[in-house]
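Following: one structure in C-alpha coordinates, then a few remarks.
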Amino acid sequence: VQLQAFGGGLVQPGGSLRLSCAASGSGFSIDAMGWYRQAPGKQRELVARITSGGRTNYADSVKGRFTISRDNAKNTVYLQMNSLKPEDTAVYYCNTDIVRAIYRENYWGQGTLVTVSS
28 VQLQAFGGGL
38 VQPGGSLRLS
48 CAASGSGFSI
58 DAMGWYRQAP
68 GKQRELVARI
78 TSGGRTNYAD
88 SVKGRFTISR
98 DNAKNTVYLQ
108 MNSLKPEDTA
118 VYYCNTDIVR
128 AIYRENYWGQ
138 GTLVTVSS
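Residue numbers (the numbering used here): 28 to 145.
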(Lines of atoms letter the chains of each structure in order from A and count residues from 1; the text may use other names and numbers.)
(Lines give C-alpha, C1' and ligand atoms only; values in the text may rest on other atoms or scores of the structure.)
Protein backbone atom coordinates (compact mmCIF):
# COMPACT_ATOMS: atom_id res chain seq x y z
CA VAL A 1 0.00 0.00 0.00
CA GLN A 2 1.35 3.41 -0.95
CA LEU A 3 -0.11 6.74 0.10
CA GLN A 4 0.77 9.79 -1.98
CA ALA A 5 -0.15 13.19 -0.57
CA PHE A 6 -0.44 16.40 -2.55
CA GLY A 7 -1.48 19.99 -2.04
CA GLY A 8 0.76 21.52 0.59
CA GLY A 9 2.34 24.92 0.18
CA LEU A 10 2.61 28.47 1.43
CA VAL A 11 -0.57 30.39 2.07
CA GLN A 12 -1.41 33.65 3.81
CA PRO A 13 -3.48 33.71 6.99
CA GLY A 14 -7.14 33.46 6.12
CA GLY A 15 -6.40 31.57 2.93
CA SER A 16 -7.33 28.08 1.81
CA LEU A 17 -5.61 24.93 0.69
CA ARG A 18 -6.84 21.51 -0.35
CA LEU A 19 -4.84 18.43 0.42
CA SER A 20 -5.39 15.12 -1.28
CA CYS A 21 -4.00 11.68 -0.62
CA ALA A 22 -4.42 8.67 -2.86
CA ALA A 23 -3.89 5.08 -1.79
CA SER A 24 -2.55 2.66 -4.36
CA GLY A 25 -1.99 -1.05 -4.41
CA SER A 26 -4.12 -4.14 -4.64
CA GLY A 27 -5.56 -6.92 -2.58
CA PHE A 28 -7.07 -4.81 0.14
CA SER A 29 -10.04 -2.64 1.02
CA ILE A 30 -9.74 0.74 2.65
CA ASP A 31 -11.42 1.41 5.96
CA ALA A 32 -10.91 4.71 7.78
CA MET A 33 -8.76 7.47 6.30
CA GLY A 34 -7.46 10.54 8.01
CA TRP A 35 -5.10 13.44 8.29
CA TYR A 36 -2.64 14.13 11.07
CA ARG A 37 -0.18 16.96 11.46
CA GLN A 38 3.07 17.61 13.24
CA ALA A 39 4.31 21.10 13.95
CA PRO A 40 7.98 21.76 14.80
CA GLY A 41 8.73 20.65 18.33
CA LYS A 42 5.29 19.14 18.83
CA GLN A 43 3.79 15.68 18.74
CA ARG A 44 1.83 14.43 15.81
CA GLU A 45 -1.87 15.05 16.31
CA LEU A 46 -5.11 14.04 14.66
CA VAL A 47 -6.64 16.67 12.42
CA ALA A 48 -9.60 14.81 10.95
CA ARG A 49 -10.70 11.29 10.21
CA ILE A 50 -13.43 9.74 8.06
CA THR A 51 -14.76 6.20 8.17
CA SER A 52 -15.62 4.09 5.16
CA GLY A 53 -19.25 4.98 5.82
CA GLY A 54 -18.53 8.70 5.81
CA ARG A 55 -18.61 9.47 9.53
CA THR A 56 -16.17 12.21 10.43
CA ASN A 57 -14.42 13.55 13.48
CA TYR A 58 -12.25 16.62 13.83
CA ALA A 59 -9.79 18.14 16.21
CA ASP A 60 -11.45 20.97 18.12
CA SER A 61 -8.89 23.40 16.73
CA VAL A 62 -10.05 22.87 13.14
CA LYS A 63 -13.80 22.37 13.54
CA GLY A 64 -15.73 24.71 11.30
CA ARG A 65 -12.67 25.50 9.18
CA PHE A 66 -11.52 22.14 7.79
CA THR A 67 -13.57 19.55 5.94
CA ILE A 68 -12.51 15.98 5.30
CA SER A 69 -14.04 13.96 2.48
CA ARG A 70 -13.24 10.89 0.46
CA ASP A 71 -13.79 9.38 -2.96
CA ASN A 72 -14.03 5.65 -2.44
CA ALA A 73 -13.84 4.91 -6.17
CA LYS A 74 -10.47 6.67 -6.29
CA ASN A 75 -9.21 5.54 -2.86
CA THR A 76 -8.58 9.19 -2.15
CA VAL A 77 -9.08 11.34 0.90
CA TYR A 78 -9.24 15.13 0.82
CA LEU A 79 -8.80 17.87 3.38
CA GLN A 80 -10.24 21.25 2.52
CA MET A 81 -8.64 23.81 4.81
CA ASN A 82 -10.22 27.27 5.03
CA SER A 83 -9.53 30.28 7.23
CA LEU A 84 -6.01 29.05 7.78
CA LYS A 85 -4.08 30.36 10.75
CA PRO A 86 -0.33 30.49 11.42
CA GLU A 87 -0.81 27.80 14.05
CA ASP A 88 -1.97 25.43 11.31
CA THR A 89 1.59 25.40 10.01
CA ALA A 90 2.81 21.80 10.11
CA VAL A 91 3.67 18.77 8.07
CA TYR A 92 0.39 17.05 7.25
CA TYR A 93 0.33 13.26 6.98
CA CYS A 94 -2.40 11.10 5.58
CA ASN A 95 -3.15 7.82 7.26
CA THR A 96 -5.31 4.88 6.40
CA ASP A 97 -6.54 1.63 7.84
CA ILE A 98 -6.79 -1.16 5.31
CA VAL A 99 -8.18 -4.65 5.54
CA ARG A 100 -6.25 -7.39 3.78
CA ALA A 101 -7.85 -10.83 4.11
CA ILE A 102 -8.47 -11.08 7.87
CA TYR A 103 -5.80 -8.57 8.83
CA ARG A 104 -6.09 -4.87 9.55
CA GLU A 105 -3.08 -2.73 8.74
CA ASN A 106 -2.25 0.95 9.13
CA TYR A 107 -0.21 3.04 6.71
CA TRP A 108 1.20 6.57 6.65
CA GLY A 109 1.86 8.84 3.72
CA GLN A 110 5.06 10.81 3.29
CA GLY A 111 3.76 14.14 4.56
CA THR A 112 3.19 17.46 2.88
CA LEU A 113 4.23 20.80 4.36
CA VAL A 114 1.66 23.51 4.95
CA THR A 115 3.01 26.93 5.89
CA VAL A 116 0.64 29.71 6.88
CA SER A 117 2.46 33.01 6.92
CA SER A 118 2.21 36.54 5.65
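Ideal Cβ positions, reconstructed from N, Cα and C, are used throughout, including at glycine.
These numbers come from a predicted model, not from an experiment.
Option in the options with minimal Cα separation from residue i
{"i": "Gln-107", "options": "Arg-76, Thr-123, Tyr-134, Ala-128", "result": "Arg-76"}
{"i": "Gly-34", "options": "Val-118, Asn-84, Thr-78, Arg-127", "result": "Val-118"}
{"i": "Asp-98", "options": "Tyr-85, Asp-58, Gln-70", "result": "Asp-58"}
{"i": "Gly-81", "options": "Ser-96, Pro-67, Ser-145", "result": "Ser-96"}
{"i": "Thr-94", "options": "Leu-44, Gly-36, Val-28", "result": "Leu-44"}
{"i": "Tyr-134", "options": "Lys-101, Pro-67, Phe-55, Val-89", "result": "Phe-55"}
{"i": "Asp-124", "options": "Pro-113, Arg-92, Val-104, Asn-109", "result": "Val-104"}
{"i": "Ser-53", "options": "Val-89, Lys-101, Pro-40, Thr-78", "result": "Lys-101"}
DSSP three-state assignment for residue i, whether helix, strand or coil
{"i": "Asn-102", "result": "coil"}
{"i": "Val-89", "result": "helix"}
Residue burial classification, residue i (beta-carbon count within 10 angstroms, cutoff 16)
{"i": "Asp-87", "result": "exposed"}
{"i": "Tyr-130", "result": "exposed"}
{"i": "Asp-115", "result": "buried"}
{"i": "Val-126", "result": "exposed"}
Proximal residues to residue i (C-beta, below 6 angstroms), its chain only, five neighbours per side dropped
{"i": "Leu-111", "result": "Val-38, Gly-42, Val-143"}
{"i": "Ala-32", "result": "Cys-48, Cys-121, Gly-136, Thr-139"}
Chain-order list of residues whose beta-carbon lies under 7 angstroms from that of residue i (same chain, five-residue window excluded)
{"i": "Leu-73", "result": "Gly-61, Tyr-63, Ala-86"}
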